[in-house]
Structures are given as C-alpha cells and as structure tokens.
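Input: a single structure, listed below in structure tokens.
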Amino acid sequence: MSPPVLRIADPERPFEVITDASDIVIRAVLMQDFGNGLQPIAYESRKMQSAERNYPVHDKEMLAIVHAFKIWRCYLTGADVTLRTNHKSLQYLRAQPNLNPRQIRWLDYLESNFTYKIMYKKGANNIAEALSRPSAQLAAVL
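The numbering of the sequence shown is our numbering, which starts it at 53 and goes up by one.
Pasting the structure below:
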C-alpha cells in the first residue's frame, strides 16, 4: 500500500508555504515535514482576474502569497510558517522603503495575522511552479 498523496496537518509542526505566479495563474502548496521530508497538506491554484494580470511581477508573486495565507489561515494563524518563493526580492519585503498602497495593505494583512519568515527558492526547484508543468517535468522536481 502506498502512502497517501496528501497528509493531514499537524498543528504542532511548522508549516511551509510554497508559492508561485505566472502571467495568468497563482498557485501554492502547503507542506509539513513529518520526519521523512516535506509532504503536501494542500494544493491551491486559481486564474488571475483580468485586472490582476496587469500587475507587475512583484505584485503577482505577492498576490500568490496573500491568497495562500487567506485560504489556509485556519492552519497558519498562530503557527510557525516558512514561506518559500522564487521571487528573490520578496525576501526583503519588510525592509523595502517604497511599497505601493496595494503592497502596504497586503503586508499589513500578513504582519498582523501571521508569524512567518520568507526564504528564496530557485524557480526551477519550486514545487508550486511544477503544478503547471507536464508530468515528465513534474517527476524531476519531486
């Protein structure tokens, strides 16, 4: 018998949220380490609304983060969370001096509701990005 594809979340363990955005889709994976590497708890993706497709890349990546945290807030509120993104500048989000009003609103939402750290993960190794790849490429990431 093979192990389940998705695991049930353990509120005592830290969470990892891995996000990605393309030109038309945002996606995320919620994961936890149960002692044998990270395993998925949930997957999320959605098409961007037409206005969102006009956002700069930085805002699209941030949209994916905010969407994931809103969807999984029941798991992430009060939990230790590591956020992995393939957009390197988001590592320094809290220190950026010139945020636009949308970014300020999103950052305020994240900061007032969650405890998290942001880590950069190269795009080619991002499991959330793999959700939109052909299955042969997906096997290489997993």
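By construction, the Cβ of each residue, glycine as well, lies at the ideal position given by its N, Cα and C atoms. Predicted model only: the values in this text are computed from it and were never measured.
Item: 9 Å Cβ cutoff met for Ala116 and Thr71; Value: yes
Item: Bridge-paired residues (DSSP) for Ser97; Value: Arg79
Item: Leu90 beta carbon less than 9 Å from that of Ala2; Value: Absent from the structure is residue 2, since the part of the chain shown begins at 53 and ends at 194.
Item: Lys173 - DSSP class collapsed to helix/strand/coil; Value: coil
Item: Status (buried if at least 16 other CB within 10 Å, exposed otherwise) for Thr129; Value: exposed
Item: Backbone CA spacing between Arg105 and Cys126 [nearest angstrom]; Value: 28 Å
Item: Entirely enclosed alpha helix (DSSP H) segments - the stretch 107-162, minimum 4 residues; Value: 109-123, 125-128
Item: Collapsed DSSP secondary structure at Glu104 in the structure displayed; Value: helix
Item: Close beta carbons around Arg65, own chain, < 8 Å, minus the five adjacent residues each side; Value: Gln84, Asp85, Phe86
Item: CA-to-CA distance, Lys122 to Glu68, given in whole angstroms; Value: 15 Å
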